[in-house]
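Engineer:
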Amino acid sequence: TPISLDRNICRNLDETTTREWLITNGAGAYASGTVAGMLTRMEHGLFVASTPETVTPHLLLAKIDEEVVFDERTYYLGTNEYRDGTLNPSGFVHLETFRLDEGFPVFTYRLGGIDGIMLEKRIWMQSGRNTTYIQYRLVRTTMEEASGRRRSGITGALSNAVSHTSEEQQELKLTLLPLTAYRPYNKPQQEHAHRQFSVTQLRQMSQVQFSEEHYDDYEDYTPALPEGTAGCSIRAWDEATPFHLLAVGLAENAVTFLPTGVWYWNFLHRRDEASGRPAFDDLYLPGVIRATLRPDDVPLTIIASTEELTSHSFMPEQLNRAYQRSVEGQRQLYADTRSSWQRYFGEGGEAAHVYAFPTHTAHSSHPISANMSRLPEDETYLRYLSQAAGRFMVQWQAQRHDDRVHEKQQISDYHRALFGKQERAFVVLSDYYGMHRNTREMLIAIPGLLLTARHSREIASILRSLARHFKQGLLPDTLPLPNQTIDENEYRSIDLPLWYCYALDAYLRATHDETLLEEVYRPLVECINWYTRGTLHGIQVDENDGLLTSTDALTWMNAMSEEKPLTPRYGKAVEVNALWYHALSLMGEWSQRLYRSGRINYHNAPTISYRDMLTRCRESFNRRFWHPVDDTEPESEPVGYLFDVIDGPDGDDDALRPNQLFALSLPHAVLDEEKRAFVLDAVTHALLTPYGLRTLSLSDEGYRGRPGMRQEEQVRALHQGSVWTWLLGPYLDAVLNVGYVLPVQGKQTAPLSLDTGGRKYENEHYREFLLRRGLQLLNMQQETLSKALLGMCGSVFDGDAPHTMHTSSPMLATLTSTTELLRSYSALQAASVPVLIEHKVVSR
26 TPISLDRNIC
36 RNLDETTTRE
46 WLITNGAGAY
56 ASGTVAGMLT
66 RMEHGLFVAS
76 TPETVTPHLL
86 LAKIDEEVVF
96 DERTYYLGTN
106 EYRDGTLNPS
116 GFVHLETFRL
126 DEGFPVFTYR
136 LGGIDGIMLE
146 KRIWMQSGRN
156 TTYIQYRLVR
166 TTMEEASGRR
176 RSGITGALSN
186 AVSHTSEEQQ
196 ELKLTLLPLT
206 AYRPYNKPQQ
216 EHAHRQFSVT
226 QLRQMSQVQF
236 SEEHYDDYED
246 YTPALPEGTA
256 GCSIRAWDEA
266 TPFHLLAVGL
276 AENAVTFLPT
286 GVWYWNFLHR
296 RDEASGRPAF
306 DDLYLPGVIR
316 ATLRPDDVPL
326 TIIASTEELT
336 SHSFMPEQLN
346 RAYQRSVEGQ
356 RQLYADTRSS
366 WQRYFGEGGE
376 AAHVYAFPTH
386 TAHSSHPISA
396 NMSRLPEDET
406 YLRYLSQAAG
416 RFMVQWQAQR
426 HDDRVHEKQQ
436 ISDYHRALFG
446 KQERAFVVLS
456 DYYGMHRNTR
466 EMLIAIPGLL
476 LTARHSREIA
486 SILRSLARHF
496 KQGLLPDTLP
506 LPNQTIDENE
516 YRSIDLPLWY
526 CYALDAYLRA
536 THDETLLEEV
546 YRPLVECINW
556 YTRGTLHGIQ
566 VDENDGLLTS
576 TDALTWMNAM
586 SEEKPLTPRY
596 GKAVEVNALW
606 YHALSLMGEW
616 SQRLYRSGRI
626 NYHNAPTISY
636 RDMLTRCRES
646 FNRRFWHPVD
656 DTEPESEPVG
666 YLFDVIDGPD
676 GDDDALRPNQ
686 LFALSLPHAV
696 LDEEKRAFVL
706 DAVTHALLTP
716 YGLRTLSLSD
726 EGYRGRPGMR
736 QEEQVRALHQ
746 GSVWTWLLGP
756 YLDAVLNVGY
766 VLPVQGKQTA
776 PLSLDTGGRK
786 YENEHYREFL
796 LRRGLQLLNM
806 QQETLSKALL
816 GMCGSVFDGD
826 APHTMHTSSP
836 MLATLTSTTE
846 LLRSYSALQA
856 ASVPVLIEHK
866 VVSR
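Here the sequence shown stands for residues 26 to 869, where the numbers follow this note's numbering.
(1) Given that a residue counts as buried once 16 or more other Cβ atoms are within 10 Å of its Cβ, and exposed if not, what is T640?
(2) Sort R682, L609 and A272 by Cα distance to E252 and report the nearest one.
(3) Is F123 closer than 7 Å to L197 when the C-beta atoms are compared?
(4) Between L561 and D669, what straight-line distance do the alpha-carbon atoms span, to the nearest angstrom?
(5) Pull up the CB-CB distance for R314 and L227, whole angstroms please, since I reckon it's below 8 Å.
(6) Is it true that the CB of Q160 sits closer than 7 Å to the CB of T326?
(7) Along the chain, where does the beta strand (DSSP E) containing D306 start, and where does it finish?
(8) Considering only C-alpha positions, which residue in the set L853, R162 and G676 is nearest to L795?
(9) Pull up the distance between the alpha-carbon of G51 and that of E127, whole angstroms please.
(10) Apply the 10 Å Cβ neighbour rule to R408 and answer buried if 16 or more other Cβ atoms are within range, or exposed otherwise.
(11) Whole-angstrom Cβ separation of S747 and D823, contact assumed at under 8 Å?
(12) Could you name the residues that DSSP lists as bridge partners for S223?
(13) Just mark S364 as buried or exposed, buried being the case when its beta carbon has 16 or more other beta carbons within 10 Å.
(14) Where do the N-terminal and C-terminal ends of the alpha helix (DSSP H) with L344 fall, by residue?
(15) Compute the distance between the beta-carbons of V566 and T557, then report whether it is under 7 Å.
(16) Report the residue from T574, Y525, E588 and T592 whose alpha carbon sits nearest the alpha carbon of W581.
(17) Do the region 734-748 and the region 308-324 make contact, defined as three or more Cβ pairs closer than 8 Å?
(18) With DSSP as the reference, identify every bridge partner of K212, one or two as the case may be.
(19) Determine the direct distance from the alpha carbon of T156 to that of T224, and round the result to whole angstroms.
(20) How would you write the range of the alpha helix (DSSP H) that Q412 sits in, first residue to last?
(21) To the nearest angstrom, how far is the alpha carbon of V708 from that of T720?
(22) Using C-beta distances below 7 Å, list every residue in its chain close to Q736, excluding the 5 sequence neighbours before and after it, in chain order.
(23) Can you tell me the Cβ-Cβ gap for E216 and W262, rounded? I've got them flagged as a contact below 8 Å.
(24) Apart from the five residues on each side of it in sequence, which residues of its chain come closer than 6 Å, Cβ to Cβ, to H69?
(25) Specify, as a first and last residue, the run of the alpha helix (DSSP H) that L549 falls within.
(26) Whole angstroms is fine: what's the gap from F870's alpha carbon to L47's?
(27) Using 10 angstroms around the beta-carbon of R44, count the other beta-carbons present and answer buried if the total reaches 16, otherwise exposed.
(28) Based on Cα-Cα distance, which residue from A584, R624 and F305 lies nearest to N211?
(29) Does the pairing of the region 601-613 with the region 568-587 give three or more beta-carbon distances under 8 Å?
(30) Please report whether the beta-carbon of E216 lies at a distance below 7 Å from any beta-carbon of chain D.
(31) Within 10 Å of its beta-carbon, does E726 have 16 or more other beta-carbons around it, so buried, or fewer, so exposed?
(32) Determine whether the beta carbon atoms of L474 and T844 lie at a separation below 7 Å.
(33) Taking buried to mean at least 16 other C-beta atoms within 10 Å of its own C-beta, is R368 buried or exposed?
(34) Tell me, please, which residues DSSP counts as bridged to Q420.
(35) If I follow the unbroken alpha helix (DSSP H) through K700, where does it start and stop?
(36) In whole angstroms, what is the alpha-carbon distance linking A87 and H269?
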């Protein structure tokens with residue numbers, strides 16, 4: 026079932042302003058807002074899109090407030106908060122239900138009491154089109170449907186409620202107030218007396234045509250509209266790209282557009298205010314749209330777009346097809362994810378149910394079934410994860426522009442790269458609403474992205490492009506766009522080439538693309554050489570122990586305050602050296618692979634040197650990073666965990682952090698097998714929470730478990746105790762790796778924190794126990810789907826219970842949280858097959 030909120034939640038302002046929705050078009054544009062309809066962040070808006078003359082996405086249409094006259098009464102459905110705290114209007118009190126249908130928000134307002142009617146508002150975007158659709162439909166429902174107890178499926182834009190068809194049909198007068206802007210999506214806008222938006226009313230004419238050749242005489246050109254359609258085109262200033270607002274209905278809807286040109290001042294964004302960011306904004310009302318709706322009419326659809334206007338834009342049947350295509354695109358994301366697991370479960374349709382383990386009853390005779398939480402009965406969770414991952418993938422479509430436009434304005438490198446010629450750039454965003462293109466997060470996410478959609482060609486393009494940007498062995502922190510100049514300050518991470526090897530390995534396992542491996546092999550060899558002899562920021566392999574070190578803050582724990590690193594980690598970081606060992610292992614394998622296939626000769630295959638480096642790195646790592654902890658029982662086995670950093674300015678750092686997981690989670694794990702269970706046990710005891718792993722142990726004096734709402738406070742806690750969901754990925758990898766090597770030396774060394782109930786299982790039974798606990802951990806994330814950014818997983822939480830989600834930061838949802846959950850599901854499914862066969866468990 027879709028995410029659905031009833032009237033008890035919908036009419037509670039605290040509940041509806043803390044729940045947000047997000048839709049994207051896969052081409053860099055998005056729409057977002059709150060369930061209440063109130064703007065609480067600068068990033069909220071019904072239409073946020075990239076335009077040719079801007080580097081960052083711009084807010085074009087912030088919101089639409091509705092005024093409804095029905096049964097001689099006026100209803101105000103919008104909700105706005107102003108600088109002085111005034112709430113006007115308070116339309117959320119009329120909201121009966123809210124739901125997500127295939128990720129698209131649907132609002133249902135009750136008008137006229139229990140015997141009245143329902144006004145449904147549906148918002149969607151179409152893949153690849155810089156357009157947002159807002160559709161209004163008047164319906165009368167049965168009592169059962171009105172109460173929200175019945176849900177029927179979607180059948181196109183004319184959706185799921187039953188139309189009232191009695192002779193006493195009542196009409197509704199609808200007035201829409203579109204509040205617009207032309208500003209960077211994350212910065213406020215104030216009224217400028219010297220700058221008035223240019224609004225051109227679109228009139229009915231005999232021919233509909235609009236293209237870029239008309240831009241020069243834009244003010245004299247008005248595209249034609251058919252009867253039943255009205256709207257305008259808006260330009261913020263002479264050189265700005267125009268965007269269009271249209272209301273599309275039929276002649277009987279009596280649709281009109283009345284120009285106004287009024288500024289509304291001092292909108293308050295309460296999330297921004299709470300976090301200490303600029304929180305006040307002015308919005309421009311170009312005009313109002315009026316229409317009449319009846320229960321059996323075609324819906325009224327508002328179109329906000331920067332696309333060329335054509336006759337198809339005004340045809341209701343085309344709008345219905347646009348919605349259907351959007352729904353099908355969302356469903357395809359899940360279908361692609363599901364098909365990627367067919368190799369584990371065959372082509373059995375329903376028999377290939379993705380959740381491997383059935384729910385056991387309390388009377389089950391299986392020894393591992395006791396006290397097990399109930400697992401999901403459907404695939405809704407996986408569907409939401411697949412759709413969430415799709416929102417981070419952006420296919421920029423280059424546009425052609427008239428040379429006269431280029432002569433009139435200065436075009437940025439970004440503009441020329443994306444819009445100057447016909448080419449595509451596949452970009453992976455790392456978060457919402459930050460819209461960053463973080464290279465590290467993209468590389469970590471590639472194994473999960475390979476599961477979500479058929480984008481192997483685009484991922485190969487990213488890997489190939491990145492290989493061209495190596496500089497003295499390093500990669501840029503931000504994923505570059507085509508032809509974009511990269512600043513030298515972008516090369517400030519020690520681990521990106523190592524994560525590149527990790528991502529390339531996942532890609533090669535999925536595609537067996539020997540050609541790409543051959544193309545990027547030489548840059549990777551040079552990278553190893555640079556690391557060995559030394560490169561920027563003091564990055565170098567220590568000739569005394571073969572471990573990788575640096576003299577600057579260059580790891581993923583890169584939070585800054587007043588331009589100073591909060592978690593510097595100078596020296597030899599534990600996850601960096603685990604990744605270094607993993608990369609050396611892969612380079613040795615790839616060298617042999619290319620040599621055997623004849624793609625490189627013997628002199629270009631430094632396998633022996635990699636083997637020597639591996640041996641030295643592993644020996645030094647296990648000797649230097651192991652931090653034994655005294656135990657009160659003299660006969661107990663020695664226990665311990667790994668230093669977070671060694672050979673730092675203050676010596677060795679014994680802070681207990683999750684970074685040590687990579688020493689036992691990577692495919693080529695550097696940590697000796699006999700130590701892995703103890704490390705996993707220490708991490709589980711100190712760091713594991715229902716929502717991810719803490720970045721620092723509670724017992725550490727630097728621990729910050731409840732930072733507060735202000736952004737500066739949350740930044741300071743990011744790597745000092747806050748919980749990160751994406752770390753569940755390496756944690757579950759470590760769990761599986763440790764489970765496969767048990768028992769050790771004839772003894773049960775299972776981490777006690779995994780709650781085995783005191784049982785000592787045979788290896789295969791304990792393996793099933795691990796798989797079940799892994800699925801339970803992942804399933805705990807489901808509740809975050811109906812909080813904060815609906816349909817998307819949370820990413821950062823307080824370290825202290827009840828682990829409140831960090832929602833003041835623009836980093837509300839992250840790429841790595843989503844893809845690591847997907848990847849972990851896949852790993853658990855793959856690992857479950859032998860257990861299913863052995864115990865003859867049949868999925869439903």
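A virtual CB, placed ideally from N, CA and C, is assigned to each residue, including glycine.
Structural biologist: This is what the structure gives:
(1) Reading the sequence shown from its first residue, position 615 is the one you call residue 640. Here T640 is exposed: its Cβ has fewer than 16 other Cβ atoms, across all protein chains shown, within 10 Å.
(2) Within the sequence shown, the letter at position 227 stands for residue 252. Of the listed residues, the one whose Cα sits closest to E252 is A272.
(3) Taking the sequence shown and counting its residues from 1, the one referred to as residue 197 is at position 172. Taking the sequence shown and counting its residues from 1, the one referred to as residue 123 is at position 98. No.
(4) On the sequence shown, position 536 is the one that residue 561 refers to. On the sequence shown, position 644 is the one that residue 669 refers to. Cα to Cα, L561 sits roughly 22 Å from D669.
(5) Taking the first residue of the sequence shown as 1, we reach residue 314 at position 289. Taking the first residue of the sequence shown as 1, we reach residue 227 at position 202. Reading off the sequence shown, one finds Ile at residue 314, where the question assumed Arg. The Cβ separation is near 12 Å, so there is no contact.
(6) What you label residue 326 is simply residue 301 of the sequence shown in a count that begins at 1. What you label residue 160 is simply residue 135 of the sequence shown in a count that begins at 1. Cβ atoms of T326 and Q160: closer than 7 Å.
(7) Counted from its first residue, the sequence shown places residue 306 at position 281. That run of the beta strand (DSSP E) goes F305 to L318.
(8) Here residue 795 refers to the residue found at position 770 of the sequence shown. Of L853, R162 and G676, the residue nearest in Cα terms is L853.
(9) Against the sequence shown, residue 51 aligns to sequence position 26. Against the sequence shown, residue 127 aligns to sequence position 102. Computed Cα separation, rounded: 15 Å.
(10) Here residue 408 corresponds to residue number 383 of the sequence shown, with the count starting at 1. Buried is the call here.
(11) Within the sequence shown, the letter at position 722 stands for residue 747. Within the sequence shown, the letter at position 798 stands for residue 823. Confirmed, about 7 Å.
(12) Here residue 223 is taken as the residue at index 198 of the sequence shown, counted from 1. Answer is R260.
(13) Mapped onto the sequence shown, residue 364 falls at position 339. Per the 10 Å Cβ criterion, exposed.
(14) For the purposes of this step, residue 344 is taken as residue 319 along the sequence shown, with counting starting at 1. P341 to S364 is the span of the alpha helix (DSSP H), which, as asked, contains L344.
(15) By 1-based counting over the sequence shown, the position of residue 566 is 541. By 1-based counting over the sequence shown, the position of residue 557 is 532. A distance below 7 Å separates the beta carbons of V566 and T557.
(16) Within the sequence shown, residue 581 is the residue found at index 556, counting from 1. When each option's Cα is compared against that of W581, the closest is T592.
(17) Look at the beta carbons and you see the region 734-748 not touching the region 308-324: under three pairs across the two are nearer than 8 Å.
(18) Locating residue 212 in the sequence shown gives position 187, where the first residue counts as 1. DSSP links K212 through a beta bridge to no other residue.
(19) Against the sequence shown, residue 224 aligns to sequence position 199. Against the sequence shown, residue 156 aligns to sequence position 131. Note that residue 224 is Val in the sequence shown here, rather than Thr. Cα to Cα, the separation comes out at about 19 Å.
(20) The residue given as residue 412 occupies position 387 in the sequence shown. Secondary structure note for Q412: its alpha helix (DSSP H) is the uninterrupted segment T405 to G415.
(21) For this step, residue 708 is matched to residue 683 along the sequence shown. For this step, residue 720 is matched to residue 695 along the sequence shown. Looking at the two C-alpha atoms, the distance is approximately 10 Å.
(22) Here the question's residue 736 lines up with position 711 in the sequence shown. Leaving aside the five residues that flank Q736 on each side, the residues in its chain whose CB is nearer than 7 Å to its CB run, in chain order, S300, G301, R302, S833 and S834.
(23) Against the sequence shown, residue 216 aligns to sequence position 191. Against the sequence shown, residue 262 aligns to sequence position 237. About 14 Å separates the two Cβ atoms, so there is no contact after all.
(24) On the sequence shown, position 44 is the one that residue 69 refers to. S57 and G58, listed in sequence order.
(25) The count along the sequence shown starts at 1 and reaches residue 549 at position 524. Counted as a single uninterrupted DSSP element, the alpha helix (DSSP H) harbouring L549 occupies residues E539 to R558.
(26) The structure shown does not extend to residue 870, since the chain is modelled only from 26 to 869, so the question has no answer here.
(27) For the purposes of this step, residue 44 is taken as the residue at position 19 of the sequence shown. Buried is the call here.
(28) Locating residue 211 in the sequence shown gives position 186, where the first residue counts as 1. Residue F305 is the option with its Cα nearest to N211.
(29) Per the Cβ contact rule, the region 601-613 is in contact with the region 568-587 (3 or more Cβ pairs under 8 Å).
(30) Within the model displayed, chain D is absent; a lone protein chain is all it includes.
(31) Within the sequence shown, numbered from 1, the residue matching residue 726 stands at position 701. Counting Cβ neighbours within 10 Å, E726 comes out exposed, since fewer than 16 surround it.
(32) Reading the sequence shown from its first residue, position 449 is the one you call residue 474. Reading the sequence shown from its first residue, position 819 is the one you call residue 844. Yes, they are a contact pair.
(33) Translated into the one-based positions of the sequence shown, residue 368 becomes position 343. Because R368 sits at a pLDDT of 43, beneath the cut-off of 50, its placement in the model cannot be relied upon, and the following sentence gives the value as read from the coordinates. Taking all protein chains in view, the Cβ of R368 is surrounded by fewer than 16 other Cβ atoms within 10 Å, so the residue is classified as exposed.
(34) The count along the sequence shown starts at 1 and reaches residue 420 at position 395. Paired residues: F451.
(35) In the sequence shown, the residue the question calls residue 700 occupies position 675. Annotation for K700: the continuous alpha helix (DSSP H) segment containing it runs E698 to L712.
(36) One-based indexing of the sequence shown puts residue 87 at position 62. One-based indexing of the sequence shown puts residue 269 at position 244. Approximately 14 Å, taken between the alpha carbons.
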